[in-house]
Amino acid sequence: MSKPLKSARAAALSGTVRVPGDKSISHRALMFGALAVGESRVEGLLEGDDVLRTAAAMRALGAEVERLDDGTWVLHGRGVGGLMEPADLLDLGNSGTGARLMMGLVATHPFTTFFTGDASLRSRPMKRVAEPLARMGARFVTREGGRLPGAVVGTASPVPITYELPVASAQVKSAILLAGLNTPGITTVIEKEATRDHTELMLRNFGANVEVEHLEDGRRAISVTGFPELTGRRVVVPADPSSAAFPTVAALLVPGSDITLPGVGMNPLRTGLYQTLREMGAQIHFDNPREEGGEPVADLVLKASTLRGVDVPAARAPSMIDEYPVLAVAASFAIGTTRMFGLSELRVKESDRFAAVMRGLQACGVQVEEEGDTMIVHGNGNPPPGGATIAVNLDHRIAMSFLVMGMAAQAPVLVDDAEAIETSFPGFADLMNGLGARIEAV
Ligand code: S3P
128 MSKPLKSARA AALSGTVRVP GDKSISHRAL MFGALAVGES RVEGLLEGDD
178 VLRTAAAMRA LGAEVERLDD GTWVLHGRGV GGLMEPADLL DLGNSGTGAR
228 LMMGLVATHP FTTFFTGDAS LRSRPMKRVA EPLARMGARF VTREGGRLPG
278 AVVGTASPVP ITYELPVASA QVKSAILLAG LNTPGITTVI EKEATRDHTE
328 LMLRNFGANV EVEHLEDGRR AISVTGFPEL TGRRVVVPAD PSSAAFPTVA
378 ALLVPGSDIT LPGVGMNPLR TGLYQTLREM GAQIHFDNPR EEGGEPVADL
428 VLKASTLRGV DVPAARAPSM IDEYPVLAVA ASFAIGTTRM FGLSELRVKE
478 SDRFAAVMRG LQACGVQVEE EGDTMIVHGN GNPPPGGATI AVNLDHRIAM
528 SFLVMGMAAQ APVLVDDAEA IETSFPGFAD LMNGLGARIE AV
């Protein structure tokens, strides 16, 4: 059953709220805890559907995964190479990260794993992971175009590879590095543009030998040594900067707003949106910068701001790839033109986000243009008309972005099905309404 929501113009947003835990870090904490020997404890885990699917999958692969009443997750892992053949399909729901990283994990275990997901995940390209993992010795059987459902026939005698990523993707990088854990020798991934490095940071923290070499031409070579002894750890998950993006942009757009978001992850490979918004003139302060669980965090203080259009270079895309939909919403309130370059990867996310943003903004009366992989948004400094109904197509970030649009547009904005928000930001509407938003079921 679909869950339509309407978002109407809000009075000033105010207050302090903690957004849920980081999705990327949450998936990895569960996977690495399941591989480590001994006990791992994860605090602040994102309890959204994507991550809960990963928890269930790690159980199906033989790990003990338990949630305590205080919200701490406790894992007892199997040791590197110790995963067991799952008795049934692994259903990763909406989660590309869950599916792709897990394909890497099982590719170098000597059993067969069947994967599926929702209609969105079943439409997404898996060849990008199948291709390098096949070079390590795994076999893939998928639907046409490398799409799920599919099976990974893991190899008993994996070979290490050196692989240069054809697309900037932390998921593909991570899948190869995870396959490399149960592979003799050294497995290397070369990336032209740095993508989020949570896998590298957390694997090291669990005891793996992960080395990063900066090559002369700006590329980075990331290597993992096979058969490490991973041992159980405590992981503290910061608040997700990609989720914080929604209340952030809402506070900038709704006149008179002043909100605080404590403990938001500030890994420099994730903060492109905040840099861009500041260039647009946003009043964003990073209070109390500190390190928590090996990741930098800060308390974000956000005040309503007058924004100006900017050019966002393609090189910044990997550090804000999930934030373009909500940046495009911000740009439609700005004075002048915002040009976002290098957005090809936006077309293969939970939905074709490039097309969804273009359609949604047009329906809200915003002037937008598409030039190849560049999206151009023209703002005139006034709130756009709004008043549209947006097709979500199982994409959480499209739903949240257009609910933010409704908070400051002239007329309310409806999203046809907000259920997908549960994948990454459970409680989004209540949290925003607690700050003063007016989101309601229709
Ligand atoms: C993620 C990597 C990104 C991002 C996704 C999470 C990760 O995907 O869009 O939400 O946790 O590694 P790509 O690797 O496809 O860019």
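So for the sequence shown, the working numbering puts the first residue at 128; every next one is plus one.
Think of the CB as a built atom: it goes at the ideal place given N, C-alpha and C, for glycine as much as any other residue.
None of the values given here were measured: they were computed from a predicted structure.
- In this structure, residue 449 has its beta carbon less than 7 Å from a heavy atom of the ligand S3P.
- Around residue 556, the same chain offers 566 as residues with beta carbons nearer than 6 Å, after the five sequence neighbours per side are excluded.
- Annotation: the segment 211-262 contains the following complete segments of the alpha helix (DSSP H) (minimum length 4 residues), in chain order: 223-234 and 254-262.
- In the three-state scheme derived from DSSP, where H, G and I count as helix and E and B as strand, residue 373 is classed as helix.
- The nearest non-hydrogen atom of the ligand S3P is 7 Å or more from the C-beta of residue 523.
- Residue 413: member of the beta strand (DSSP E) spanning 410-419, first to last residue.
- By the C-beta criterion, the segment 139-148 is judged not to be in contact with the segment 505-522, since fewer than 3 inter-stretch pairs fall below 8 Å.
- Residue 173 places its beta carbon less than 8 Å from that of residue 364.
- Residue 258 has its Cβ no nearer than 7 Å to any heavy atom of the ligand S3P.
- Not one heavy atom of the ligand S3P sits closer than 7 Å to the Cβ of residue 327.
- At least one heavy atom of the ligand S3P lies less than 7 Å from the C-beta of residue 299.
- In the three-state DSSP reduction, residue 146 falls in the coil class, being neither helix nor strand.
- In this structure, the C-beta of residue 323 approaches the ligand S3P to less than 7 Å from one of its heavy atoms.
- The closest heavy atom of the ligand S3P lies less than 7 Å from the beta carbon of residue 224.
- In this chain, the beta strand (DSSP E) harbouring residue 427 covers 422-430.
- Residue pairing by DSSP puts residue 494 in a beta bridge opposite 505.
- The Cβ atoms of residue 234 and residue 282 lie closer than 8 Å to each other.
- Taking the Cβ of residue 472 as the reference point, at least one heavy atom of the ligand S3P falls within a distance shorter than 7 Å.
- Approximately 6 Å separates the beta-carbon atoms of residue 374 and residue 386; this is inside 8 Å, confirming the contact.
- Residue pairing from DSSP places residue 203 in a beta bridge opposite 166 and 191.
- Residue environment analysis places residue 532 among the buried positions, since at least 16 neighbouring C-beta atoms fall within 10 angstroms of its C-beta.
- Contact between residue 397 and residue 446 holds, with the beta-carbon distance rounding to 6 Å and staying under 8 Å.
- Annotated three-state conformation of residue 276 is strand, per DSSP.
- In the DSSP assignment, residue 524 falls within the unbroken alpha helix (DSSP H) covering 523-535.
- Counting every other CB atom within 10 Å of its CB across the protein chains shown gives residue 383 a total below 16, marking it as exposed.
- Annotation: the continuous beta strand (DSSP E) that includes residue 467 extends over 462-467.
- Within the same chain, Cβ atoms closer than 6 Å to the Cβ of residue 199 are found at 168 and 170, the five residues on either side in sequence being excluded.
- Under DSSP, residue 538 forms a beta bridge with 513.
- Contact between the segment 189-197 and the segment 284-303 is absent: fewer than 3 CB-CB pairs across the two stretches fall below 8 Å.
- In the displayed model, residue 548 falls within a helix according to three-state DSSP.
- The beta carbons of residue 149 and residue 220 sit no closer together than 8 Å.
- Here residue 390 carries a strand assignment [DSSP, helix/strand/coil].
- If you look at residue 555, you'll find it in the alpha helix (DSSP H) that goes 555-562.
- Cβ-Cβ distances below 8 Å link residue 371 to 146, 388, 391 and 427 in the same chain, with the five nearest sequence neighbours on each side left out; the list follows chain order.
- With respect to residue 536, residue 491 sits close: the two C-beta atoms are nearer than 8 Å.
- Residue pairing for residue 338: DSSP places it in a beta bridge opposite 350.
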